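Participant: Residue numbers (the numbering used here), protein chains in the order written: chain A, 86 to 529; chain B, 7 to 279.
Every residue, glycine too, gets a C-beta built ideally from N, C-alpha and C.
Values in this document were obtained by computation on a predicted structure and should not be read as measured data.
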Amino acid sequence: MQLLLVGVSHRTAPIELRERLDFSARGVDRALTALSNVAAQHEATIVSTCNRVELYVGCDDPDVARSAIQAFLAEFHGIPDDQLAPHIYAKTGQDAVTHLFRVASGLDSLVMGEPQIFGQVKEAFSVASEMGCTGSMLNKLFHSAFAAGKRVRTETPLSEGAVSVSYAAVELARKIFGDLKGRAVLVLGAGEMGKLTAIHMQSQGIGRLIITSRTAAHATALAESIGGTAIAWESLNTGLVEADILITATGASVPIISHALISQTMKARRQRPLFVIDIAVPRDVEASAGDLEQVFLYNIDDLQAVVQENISKRGTAASDAERIVAQEAGKFLGWLNSRGAVPTIVALRQRFEAIRQSELRRLEPKLASLPPEARARVEEVTRLILEKLLISPTEQLKAASDADTVAAYSDALNRLFGLTSDDAADDGSLTTAGSGRSSKKPAQ
Amino acid sequence: MNVLLLLLYTAASVAYAVQFARRTFGTNRAATVLLVLVAFAHTFVIGMETMRAGHVPSSTATTAISTFVWLLALSYLYLELTTGERAMGVFILPLLVALQAIPTFGGSFSEPRSAMLESPWFGVHVSSLLFAYASFALAGVLGITYVLQFKEIKAKDLGFFYDRLPSLNVLDEMNLRAVKIGWLFLTVGLITGGIWASQLQPSASSAPSSMSMADPKIFVAVLCWAVYSFELYAQRAIGWRGRRAAWLSAVGFGIVLLNFVPVSYFFTTSHNF
Numbered sequence: 086m087q088l089l090l091v092g093v094s095h096r097t098a099p100i101e102l103r104e105r106l107d108f109s110a111r112g113v114d115r116a117l118t119a120l121s122n123v124a125a126q127h128e129a130t131i132v133s134t135c136n137r138v139e140l141y142v143g144c145d146d147p148d149v150a151r152s153a154i155q156a157f158l159a160e161f162h163g164i165p166d167d168q169l170a171p172h173i174y175a176k177t178g179q180d181a182v183t184h185l186f187r188v189a190s191g192l193d194s195l196v197m198g199e200p201q202i203f204g205q206v207k208e209a210f211s212v213a214s215e216m217g218c219t220g221s222m223l224n225k226l227f228h229s230a231f232a233a234g235k236r237v238r239t240e241t242p243l244s245e246g247a248v249s250v251s252y253a254a255v256e257l258a259r260k261i262f263g264d265l266k267g268r269a270v271l272v273l274g275a276g277e278m279g280k281l282t283a284i285h286m287q288s289q290g291i292g293r294l295i296i297t298s299r300t301a302a303h304a305t306a307l308a309e310s311i312g313g314t315a316i317a318w319e320s321l322n323t324g325l326v327e328a329d330i331l332i333t334a335t336g337a338s339v340p341i342i343s344h345a346l347i348s349q350t351m352k353a354r355r356q357r358p359l360f361v362i363d364i365a366v367p368r369d370v371e372a373s374a375g376d377l378e379q380v381f382l383y384n385i386d387d388l389q390a391v392v393q394e395n396i397s398k399r400g401t402a403a404s405d406a407e408r409i410v411a412q413e414a415g416k417f418l419g420w421l422n423s424r425g426a427v428p429t430i431v432a433l434r435q436r437f438e439a440i441r442q443s444e445l446r447r448l449e450p451k452l453a454s455l456p457p458e459a460r461a462r463v464e465e466v467t468r469l470i471l472e473k474l475l476i477s478p479t480e481q482l483k484a485a486s487d488a489d490t491v492a493a494y495s496d497a498l499n500r501l502f503g504l505t506s507d508d509a510a511d512d513g514s515l516t517t518a519g520s521g522r523s524s525k526k527p528a529q
Numbered sequence: 007m008n009v010l011l012l013l014l015y016t017a018a019s020v021a022y023a024v025q026f027a028r029r030t031f032g033t034n035r036a037a038t039v040l041l042v043l044v045a046f047a048h049t050f051v052i053g054m055e056t057m058r059a060g061h062v063p064s065s066t067a068t069t070a071i072s073t074f075v076w077l078l079a080l081s082y083l084y085l086e087l088t089t090g091e092r093a094m095g096v097f098i099l100p101l102l103v104a105l106q107a108i109p110t111f112g113g114s115f116s117e118p119r120s121a122m123l124e125s126p127w128f129g130v131h132v133s134s135l136l137f138a139y140a141s142f143a144l145a146g147v148l149g150i151t152y153v154l155q156f157k158e159i160k161a162k163d164l165g166f167f168y169d170r171l172p173s174l175n176v177l178d179e180m181n182l183r184a185v186k187i188g189w190l191f192l193t194v195g196l197i198t199g200g201i202w203a204s205q206l207q208p209s210a211s212s213a214p215s216s217m218s219m220a221d222p223k224i225f226v227a228v229l230c231w232a233v234y235s236f237e238l239y240a241q242r243a244i245g246w247r248g249r250r251a252a253w254l255s256a257v258g259f260g261i262v263l264l265n266f267v268p269v270s271y272f273f274t275t276s277h278n279f
């Protein structure tokens with residue numbers, strides 16, 4: 086069985102096409118059911134996110150399977166083949182393995198190292214596996230991909246550091262306050278940026294979200310839509326005393342929060358730390374307020390600089406991540422190739438056993454005169470001789486991890502011992518068809 | 007024995023430096039496991055010494071330092087294992103190595119036992135103070151790390167320490183907790199020291215006369231007490247948390263170190279333990 090990947094991603098297809106190809110709208114389970122009617126494949130998993138649609142299948146003939154799957158995609162989504170074909174990529178063997186491992190590690194993501202994709206791949210696999218669409222190859226493949234993803238996450242800083250302004254603000258807040266549970270956040274202005282940052286803060290389990298705006302109705306509307314308390318613009322000072330984090334995002338043309346106001350507030354707050362996120366342009370908070378003890382003031386440019394820094398750090402981490410992916414892919418390919426040797430081992434054992442049986446039958450008349458214990462001894466001794474003879478070749482075959490070695494060994498054994506294997510042409514390895522010989526049946 | 011401990015502490019120190027730079031699962035665990043082993047070894051050495059001498063080795067400056075190193079290593083391990091924060095290790099371990107070098111090259115582990123040190127008050131006095139100093143050492147390191155990270159966040163230059171240290175709030179709270187515990191033990195240590203000295207007054211003749219504020223060691227200890235009392239007071243009364251408390255902890259620990267090493271060796275005449 087061979088591994089084949091057919092798909093589109095943000096690297097090859099525009100958003101319009103990806104939207105139409107996204108399986109999640111109509112249900113991946115339905116797609117898997119429909120796909121199971123495509124005869125060319127035995128195992129399948131569909132990874133479908135807004136940035137990529139990828140089908141991983143185990144098949145006998147990648148060329149046949151590729152066109153069948155492409156036709157399936159066109160038919161299932163109702164997209165003319167000529168529109169689809171230029172954006173599709175297909176990979177087999179090592180390329181497909183490496184591709185999946187890179188995807189699971191976040192190396193192939195639009196935002197390098199973003200962690201969601203790992204969960205999405207996991208979800209995709211569990212759907213396919215629950216529906217019984219995966220077999221031993223895809224099971225091992227995806228579990229190896231998860232292992233690679235985990236290693237990348239724990240051994241490299243690829244997914245560290247916020248790469249969006251609002252998340253950078255959350256990360257800074259956590260570096261100042263630790264846990265954000267129970268903290269109070271005050272949002273000034275009901276604009277989109279303020280809302281986005283407030284939502285990010287909320288996902289950290291903050292205790293209280295207070296919203297105020299010059300136009301009371303805007304504040305109330307925002308408070309209702311994301312869940313918070315609106316207060317009157319006039320009670321800004323009370324809000325400031327209560328808040329741990331202040332997000333300002335108003336459209337005011339001059340700073341509305343002065344150094345003096347914050348200084349005065351800090352006294353009332355008994356110098357509790359205050360994190361001020363000024364994402365308004367022009368700025369809402371006087372820059373000198375950042376000089377106050379226990380006031381941490383970041384404006385939009387500061388946050389963007391943090392984001393830029395993080396992006397470049399991820400870039401540096403990528404080479405380490407690629408190395409891990411290559412290692413893990415190598416391990417998986419080793420497993421897959423050694424699996425290709427199993428049929429040869431089985432055939433060799435059967436051949437030896439057949440010889441033993443026929444010799445025992447030939448000697449039957451002579452052995453018949455022996456007492457039963459002696460006959461049992463003959464039986465045992467001949468069996469042990471076979472076992473001993475087979476130990477070394479079995480180990481050597483299992484230890485061979487690259488496809489060429491496995492193929493060469495298998496070929497040699499087939500010729501030397503005249504193993505009849507014409508009936509078993511299926512190939513368990515990932516290299517070109519015919520490099521190994523095997524039967525579809527797994528080892529006993 | 008002390009040389010071996012010194013080597014072990016040095017190895018652990020290197021392990022913590024490596025884990026601080028790399029921060030991988032393997033280096034993290036290697037550092038912790040190594041330090042746990044060193045702490046076990048040190049516990050064993052101190053246990054043997056205690057059995058041999060019949061008391062915890064603490065009545066000369068050199069042996070007290072080794073006991074202090076042991077206490078500090080255990081306190082740090084407690085902190086690390088309960089909070090999961092390893093970042094302080096890279097600061098604590100070199101301190102342990104430096105202090106452990108003193109008994110290693112400065113004197114022998116076995117100690118003469120004078121009669122005036124037999125009082126139970128003395129035992130309480132010394133062990134409270136050693137424990138207090140261990141807490142202050144942790145507080146001092148927490149204070150220094152707070153300031154380092156505070157500077158990076160204020161300067162909007164999020165770099166080396168930002169990536170590695172726990173949040174400012176956590177550092178601040180751990181600092182204050184360590185100071186509170188240290189202050190409590192320092193107070194107990196000073197009071198029992200006073201009681202012990204006053205009990206000696208009628209019987210002994212030479213030592214007690216110098217047991218007053220004029221003794222540099224006592225003077226510095228009282229100074230420490232004043233600094234830490236102020237830190238705790240300022241924190242409650244005028245909101246001196248964060249950077250100011252961090253600085254006070256760092257300064258306070260500077261004074262503690264002063265008391266430990268130069269004062270013990272060069273200035274004090276009678277109070278040489």
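1) With C-beta atoms as the reference, is W231(B) less than 8 Å away from T198(B)?
2) Is the shortest distance between the beta-carbon of T89(B) and the beta-carbons of chain A less than 8 Å?
3) At a CB-CB cut-off below 9 Å, which residues of chain B make contact with D546(A)?
4) My guess is that T130(A) and A233(A) are in contact by the Cβ rule of under 8 Å, so how many angstroms apart are they, rounded?
5) A156(A) to L87(B), Cα distance in whole Å?
6) Assuming F108(A) is part of the alpha helix (DSSP H), what are its boundary residues?
7) Taking only beta carbons into account, state which residues of the stretch 345–358 of chain A come closer than 9 Å to chain B, listed in chain order.
8) At what residues does the alpha helix (DSSP H) containing C230(B) begin and finish?
9) Among V149(A), I154(A), G163(A), W318(A), which residue has its Cα nearest to the Cα of E104(A)?
10) Can you give me, in chain order, the residues of the stretch 229–262 of chain B that have a beta carbon less than 9 Å from any beta carbon in chain A?
11) What's the C-alpha gap between E557(A) and K157(B)?
12) Using the three-state DSSP reduction, which class does G178(A) fall into: helix, strand or coil?
13) Taking buried to mean at least 16 other C-beta atoms within 10 Å of its own C-beta, is P367(A) buried or exposed?
14) Could you check how far apart the C-beta atoms of G279(A) and A334(A) are, in whole angstroms? I think they sit under 8 Å.
15) Applying a beta-carbon distance threshold of less than 7 Å, which residues of chain A neighbour Y281(B)?
16) Please report the straight-line C-alpha distance between A18(B) and R115(A), rounded to a whole angstrom.
17) Identify every run of the beta strand (DSSP E) within the stretch 425–506 of chain A, keeping only runs that are complete inside it and at least 3 residues long; order them along the chain.
18) Cβ-heavy atom distance between V326(A) and the ligand ADP below 7 Å?
19) Note down, in chain order, each residue of its chain lying with its Cβ closer than 8 Å to the Cβ of H285(A), except the 5 sequence neighbours on either side.
20) Closer than 8 Å by beta-carbon distance: list the chain A residues that pair up with F225(B), in chain order.
21) With three or more C-beta pairs closer than 8 Å as the rule, is the stretch 309–329 of chain A touching the stretch 258–272 of chain A?
22) For H303(A), which option in S443(A), G290(A), N422(A), W318(A) has the closest C-alpha, if you only look at C-alpha atoms?
23) Is there a C-beta anywhere in chain B that falls below 8 Å from the one on Q379(A)?
24) So with Cβ pairs under 8 Å, would you call Y383(A) a contact of chain B?
25) Note the first and the last residue of the continuous alpha helix (DSSP H) segment covering A269(A).
26) Measuring only between beta-carbons, confirm whether D239(A) sits less than 8 Å from chain B.
27) Out of R293(A), E199(A), L90(A), point me to the one whose CA is closest to L226(A)'s CA.
28) Helix, strand or coil: which one does DSSP assign to I295(A)?
29) Determine the direct distance from the alpha carbon of D369(A) to that of A315(A), and round the result to whole angstroms.
30) For chain B, find out if any of its Cβ atoms is closer than 8 Å to the Cβ of V361(A); answer yes or no.
31) Rounded to whole angstroms, what is the Cα-Cα separation between H184(A) and W420(A)?
32) Cβ of R105(A) less than 8 Å from any chain B Cβ?
33) Let me check understanding here. Comparing Cα to Cα, which of I364(A), V196(A), V182(A), E160(A) lies closest to G336(A)?
34) Once DSSP output is grouped into helix, strand and coil, what is the label at L11(B)?
35) Does the Cβ-Cβ distance between L12(B) and A70(B) come in under 8 Å?
36) Would you kindly work out how many angstroms separate the C-alpha atoms of L238(B) and L254(B), rounded to a whole number?
Facilitator: Taking the definition as stated:
1) Going by C-beta atoms, W231(B) is not nearer than 8 Å to T198(B).
2) It does not: the Cβ of T89(B) has no partner Cβ on chain A nearer than 8 Å.
3) Given that chain A is displayed from residue 86 to residue 529, the structure contains no residue 546(A) and the question cannot be resolved.
4) In this structure T130(A) does not touch A233(A) by the C-beta definition: roughly 16 Å separates them, more than the 8 Å allowed.
5) In this structure, the alpha-carbon of A156(A) lies about 58 Å from that of L87(B).
6) First-last for F108(A): undefined, no H or E at that position.
7) Correct list: M351, K352, R354, R355, Q356, R357, P358.
8) Run containing C230(B): 222–243, per the alpha helix (DSSP H) assignment.
9) Of V149(A), I154(A), G163(A), W318(A), the smallest CA-CA separation from E104(A) is found for G163(A).
10) For the stretch 229–262 of chain B, which is checked against every Cβ of chain A, the residues closer than 9 Å are I244, G245, W246, R247, G248, R249, R250.
11) Nothing can be reported for residue 557(A): it is not among the residues displayed for chain A, which extend from 86 to 529.
12) In the structure shown, G178(A) sits in a helix (DSSP, three-state: H, G or I).
13) Flag for P367(A) reads exposed.
14) In this structure G279(A) touches A334(A) by the C-beta definition: roughly 3 Å separates them, less than 8 Å.
15) Examination of residue 281(B) is not possible in this model, given that chain B is present from 7 through 279 alone.
16) Rounded to the nearest angstrom, the two C-alpha atoms are 57 Å apart.
17) Fully enclosed beta strand (DSSP E) runs of 3 or longer: not present.
18) In the structure on display, the ligand ADP does not appear, and there are no ligands present to speak of.
19) Once the five neighbours on either side are set aside, the close Cβ partners of H285(A) are S251, Y252, A254, V255.
20) Near F225(B) there are no residues of chain A at all, since even the closest Cβ is about 32 Å away, more than 8 Å.
21) When Cβ pairs closer than 8 Å are counted between the two stretches, the stretch 258–272 of chain A is seen to touch the stretch 309–329 of chain A, the count reaching three or more.
22) Among S443(A), G290(A), N422(A), W318(A), the Cα nearest to that of H303(A) is on W318(A).
23) By this cut-off, Q379(A) is an interface position.
24) It does; some Cβ of chain B falls within 8 Å.
25) Taken as a continuous stretch (DSSP letters only), A269(A) belongs to no alpha helix (DSSP H), being part of the beta strand (DSSP E) at 269–273.
26) Sequence inspection shows Thr at residue 239(A); the Asp mentioned does not correspond to that position. So yes, T239(A) belongs to the interface.
27) It is L90(A).
28) Here I295(A) sits in strand by DSSP.
29) Their backbone Cα atoms lie some 19 Å apart in a straight line.
30) Interface annotation, V361(A): not in contact with chain B, CB-CB separation never under 8 Å.
31) Roughly 17 Å between the two C-alpha positions.
32) No Cβ of chain B is located within less than 8 Å of the beta carbon of R105(A).
33) Of the candidates I364(A), V196(A), V182(A), E160(A), the one whose C-alpha sits nearest the C-alpha of G336(A) is I364(A).
34) In this structure, L11(B) counts as helix in the three-state DSSP scheme.
35) With contacts defined as CB atoms closer than 8 Å, L12(B) and A70(B) fail to qualify as a contacting pair.
36) Roughly 10 Å between the two C-alpha positions.
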